[in-house]
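Asks: Handing you this structure, nothing more for now.
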Amino acid sequence: MNFEFNEEQLAVRDAARDFAQKELLPGVIDRDTHQTFPAEQIRKMGELGFMGMMVDPRYNGGGMDTISYVLAMEEISKIDASCSVAMSVNNSLVCWGLEKYGNEEQKQKYLTRLATGELLGAFCLSEPEAGSDATSQQTTAEDLGDHYLLNGTKNWITNGGNADIYIVIAQTYPEKGHKGINALIVEKGAAGFTIGKKEDKMGIRGSDTHSLMFNDVKIPKENRIGEDGFGFSFAMKTLDGGRIGIAAQALGLASGAFELALAYSKERKAFGKQIAQHQAIQFKLADMATSIETARLICLKAADLKDRGKNYSTESAMAKLYTSEIAQKVCSEAVQIHGGYGYVKEYHVERLMRDAKITQIYEGTSEIQKIVISRSLTK
Ligand code: COS
């Protein structure tokens with residue numbers, strides 16, 4: 233077991249930290265307040281290689297490992313989780329799925345441009361009546377010979393209004409249940425595809441979340457990913473990796489809030505000394521640091537298993553479950569340490585606390601992670 237990062241991993245972490253401080257921090261409160269999608273920031277992240285980090289350089293990716301991805305996700309998420317969720321979806325749910333299961337034409341046509349950030353991707357599984365219960369897909373992809381006819385509605389789609397490429401999960405053979413589901417590549421602007429209202433959210437308010445409507449949208453057969461009926465398996469395997477990304481996001485929210493609380497506790501004085509000299513604050517800091525370190529280790533373990541080609545489904549669920557739960561607690565404690573200042577926007581921690589909540593919900597709720605973990609224990 234080696235707990236040291238290599239030079240490349242450290243360089244990626246430093247580059248992400250530097251970028252987040254210089255390019256994301258200045259406008260982050262404004263983007264949160266006005267729900268402004270960080271299009272320019274995401275474009276720059278693409279130029280720096282953060283949008284297709286693990287993609288093979290043959291397809292214009294960074295050729296990096298999942299550990300580097302976790303480190304970069306943590307640094308970006310410390311400052312702006314609205315940017316990091318766009319990054320996570322593009323890397324984990326769109327690029328990874330296309331590289332692993334797409335055919336060569338699909339990779340040349342789409343992956344080469346998604347990996348550079350020239351195109352932005354979205355992953356469309358959730359529906360008004362199918363979130364956790366993902367096998368109950370109501371969106372249909374009727375097989376009409378040379379194309380599919382797509383009908384239905386998707387909900388809470390990250391990058392929904394700004395993506396160029398949408399991977400849409402839809403039911404082709406309802407009688408076959410989850411074995412009849414397909415994953416289709418849908419381009420923005422396809423006739424019959426409309427983007428619904430933007431959600432007004434508690435957190436990650438810069439992120440662009442929409443419902444999507446498909447009304448007799450013709451999708452050529454060559455846009456199906458994998459074999460006929462592979463779509464549900466595709467979604468589950470893709471989400472296994474996605475959960476590492478969201479765990480790393482939660483880690484960044486927790487460690488970002490902790491760093492702010494630690495610095496503040498050394499500045500702020502009460503009862504004649506720094507509040508960091510009071511045991512009530514010291515114990516909070518100790519608990520926060522311990523849970524962050526534990527979360528970091530489980531995130532890195534899941535990433536390491538993935539990099540070594542081992543099964544990582546259970547560990548990614550554990551990483552997401554644990555890290556998103558502690559992110560909630562750590563961010564709340566960071567607000568508490570800041571006292572009244574913590575409750576106002578200027579000090580950032582209230583935003584991190586609001587942003588952290590979603591990590592317990594998207595890409596599988598905490599309850600779904602417990603189902604995944606317990607099934608792997610008892611099967
Ligand atoms: N990798 C590959 N295949 C998987 C898998 C995984 N990680 N997890 C489940 N599957 C397969 C199962 O093997 C089964 O296929 P077979 O019948 O061929 O064996 C199929 O998927 C259905 O699984 P299962 O019978 O366990 O279905 P359930 O409905 O009981 O539960 C859960 C599936 C709950 C695990 C799934 O629906 C899920 O993850 N839901 C949450 C979805 C989610 O994350 N939504 C958020 C939207 S994306 S932001």
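Numbering-wise, the numbering used here puts 433 at position 201 of the sequence shown, and it's gapless, one number per residue. From the three backbone atoms N, C-alpha and C, an ideal C-beta is built for every residue, glycine too.
1) Enumerate, from N- to C-terminal direction, the unbroken alpha helix (DSSP H) stretches of 4 or more residues contained entirely within the segment 433-506.
2) Just reading off the beta strand (DSSP E) that residue 403 is part of, what are its end residues?
3) Could you pull out every residue in the same chain whose Cβ sits closer than 7 Å to the Cβ of residue 241, ignoring the five residues on either side in sequence?
4) Leaving out five residues on either side along the sequence, give the residues of the same chain with a beta carbon under 8 Å from the beta carbon of residue 338.
5) Quick check: is any heavy atom of ligand 1 less than 7 Å from the C-beta of residue 465?
6) Any heavy atom of ligand 1 inside 7 Å of the beta-carbon of residue 596?
7) Determine the direct distance from the alpha carbon of residue 553 to that of residue 612, and round the result to whole angstroms.
8) Does the beta-carbon of residue 445, which I'm using as the reference point, lie nearer than 7 Å to any heavy atom of ligand 1?
9) Exposed or buried, residue 282, counting other C-beta atoms within 10 Å across all chains shown (16 or more means buried)?
10) Could you tell me the boundaries of the alpha helix (DSSP H) in which residue 554 lies?
11) Locate the beta strand (DSSP E) running through residue 246, then write down its first and last residues.
12) Do residue 387 and residue 448 have their beta-carbon atoms positioned less than 8 Å apart in this structure?
13) To the nearest angstrom, how far is it from the Cα of residue 423 to the Cα of residue 450?
14) Name, in chain order, the residues that DSSP records as bridge partners for residue 380.
15) Which residue's Cα is closest to the Cα of residue 285: 346, 547, 568?
16) Out of 557, 513, 566, 469, which has the shortest C-alpha to C-alpha gap to residue 544?
17) Applying the 10 Å Cβ sphere with the 16-neighbour rule, what's the burial state of residue 495?
18) Per the contact definition of three or more C-beta pairs closer than 8 Å, is the segment 349-366 in contact with the segment 385-404?
19) In this structure, how does DSSP classify residue 413 when only helix, strand and coil are distinguished?
20) Say the cut is 7 Å; is the CB of residue 297 nearer than that to a heavy atom of ligand 1?
21) How many Å lie between residue 365 and residue 573 at the Cα?
22) Measuring only between beta-carbons, confirm whether residue 565 sits less than 8 Å from chain D.
23) Can residue 604 be considered in contact with ligand 1, in the sense that its beta carbon sits closer than 7 Å to one or more heavy atoms?
24) Answer yes or no: the CB of residue 410 versus the heavy atoms of ligand 1, is any distance below 7 Å?
25) Based on the DSSP secondary-structure assignment, which residues constitute the bridge partners of residue 389?
26) For ligand 1, is there any heavy atom lying closer than 7 Å to the beta carbon of residue 468?
27) Once the 5 residues before and after residue 580 are set aside, which same chain residues still bring their CB inside 7 Å of it?
28) At a cut of 8 Å, does the segment 257-264 reach the segment 321-335 through at least three beta carbon pairs?
29) Following a CB-centred definition, is residue 381 positioned closer than 7 Å to any heavy atom of ligand 1?
30) How about residue 513 and residue 497: are their beta carbons less than 8 Å apart?
31) In terms of residues, what are the limits of the beta strand (DSSP E) holding residue 526?
32) If you reduce the DSSP assignment to three classes, tell me which class residue 597 lands in.
33) Assuming residue 480 contacts residue 531 under a Cβ cut-off of 8 Å, what Cβ separation, rounded to an integer in Å, is found between them?
34) Measure how close the beta-carbons of residue 427 and residue 594 come, nearest whole angstrom, since I'm counting them as under 8 Å.
35) Just to check, is the beta-carbon of residue 354 closer than 7 Å to a non-hydrogen atom of ligand 1?
Replies: Concretely, from the data shown:
1) 463-499
2) The count along the sequence shown starts at 1 and reaches residue 403 at position 171. First-last of the beta strand (DSSP E) with residue 403: 397-403.
3) As a working mapping, residue 241 is identified with position 9 in the sequence shown. 299, 300, 303.
4) Working through the sequence shown from its first residue, we reach residue 338 at position 106. So the list reads 330, 417, 454, 455, 457, once near-sequence residues are dropped.
5) Looking up residue 465 in the sequence shown gives position 233. Yes - ligand 1 has a heavy atom lying nearer than 7 Å to the Cβ of residue 465.
6) Here residue 596 refers to the residue found at position 364 of the sequence shown. For ligand 1, at least one heavy atom lies less than 7 Å from the Cβ of residue 596.
7) No statement about residue 612 is possible, as the shown extent of the chain runs from 233 to 611 and does not include it.
8) The residue labelled residue 445 in the question sits at position 213 within the sequence shown. No, since every heavy atom of ligand 1 falls outside the 7 Å radius drawn around the Cβ of residue 445.
9) For the purposes of this step, residue 282 is taken as residue 50 along the sequence shown, with counting starting at 1. By the neighbour-count rule (16 or more Cβ atoms within 10 Å), residue 282 is buried.
10) What you label residue 554 is simply residue 322 of the sequence shown in a count that begins at 1. Run containing residue 554: 545-570, per the alpha helix (DSSP H) assignment.
11) What you label residue 246 is simply residue 14 of the sequence shown in a count that begins at 1. Premise fails: residue 246 lies in the alpha helix (DSSP H), 239-251, not in any beta strand (DSSP E).
12) Walking along the sequence shown from the start, residue 448 turns up at place 216. Walking along the sequence shown from the start, residue 387 turns up at place 155. Not closer than 8 Å, so no.
13) As a position in the sequence shown, residue 423 is number 191, starting the count at 1. As a position in the sequence shown, residue 450 is number 218, starting the count at 1. One C-alpha to the other measures close to 8 Å.
14) Taking the sequence shown and counting its residues from 1, one reaches residue 380 at position 148. 375, 451, per the DSSP bridge assignment.
15) Numbered from 1 along the sequence shown, position 53 holds the residue referred to as residue 285. Of the listed residues, the one whose Cα sits closest to residue 285 is 346.
16) Mapped onto the sequence shown, residue 544 falls at position 312. The option with the nearest alpha carbon to residue 544 is 469.
17) In the sequence shown, residue 495 corresponds to position 263, counting from 1. Answer is exposed; the Cβ neighbour count stays below 16.
18) yes
19) Residue 413 sits at position 181 when you count from the first residue of the sequence shown. Of the three classes helix, strand and coil, the one that applies to residue 413 here is strand, per DSSP.
20) To locate residue 297, count along the sequence shown from 1; it is residue 65. No, ligand 1 has no heavy atom inside 7 Å of this Cβ.
21) For the purposes of this step, residue 365 is taken as residue 133 along the sequence shown, with counting starting at 1. For the purposes of this step, residue 573 is taken as residue 341 along the sequence shown, with counting starting at 1. Answer to the nearest angstrom: the Cα atoms are 41 Å apart.
22) Judged by its chain identifiers, the structure shown contains no chain D, having just a single protein chain.
23) Here residue 604 refers to the residue found at position 372 when the sequence shown is read from its first residue. Under cutoff, so the answer is yes.
24) Your numbering for residue 410 matches position 178 in the sequence shown. Yes, since a heavy atom of ligand 1 falls inside the 7 Å radius drawn around the Cβ of residue 410.
25) Working through the sequence shown from its first residue, we reach residue 389 at position 157. Beta-bridge pairing links residue 389 to 442.
26) As a first step, residue 468 must be located in the sequence shown, where it is residue number 236. At least one heavy atom of ligand 1 is nearer than 7 Å to the Cβ of residue 468, so yes.
27) The residue labelled residue 580 in the question sits at position 348 within the sequence shown. So the list reads 492, once near-sequence residues are dropped.
28) no
29) Here residue 381 corresponds to residue number 149 of the sequence shown, with the count starting at 1. Residue 381: no, Cβ never under 7 Å from ligand 1.
30) Walking along the sequence shown from the start, residue 513 turns up at place 281. Walking along the sequence shown from the start, residue 497 turns up at place 265. It is a contact, given that the beta carbons lie within the stated cut-off.
31) Walking along the sequence shown from the start, residue 526 turns up at place 294. Not the beta strand (DSSP E): residue 526 falls in the alpha helix (DSSP H), residues 511-539.
32) Position 365 of the sequence shown holds residue 597. DSSP places residue 597 in coil when its eight states are reduced to three.
33) As a first step, residue 480 is located in the sequence shown; it is residue number 248 there, counting from the start. As a first step, residue 531 is located in the sequence shown; it is residue number 299 there, counting from the start. Contact flag correct, Cβ pair sits at about 5 Å.
34) Counting from 1 along the sequence shown, the entry for residue 427 is found at position 195. Counting from 1 along the sequence shown, the entry for residue 594 is found at position 362. Not confirmed; about 19 Å, so no contact.
35) Here residue 354 refers to the residue found at position 122 of the sequence shown. Checking every heavy atom of ligand 1 against the Cβ of residue 354, none is found closer than 7 Å.
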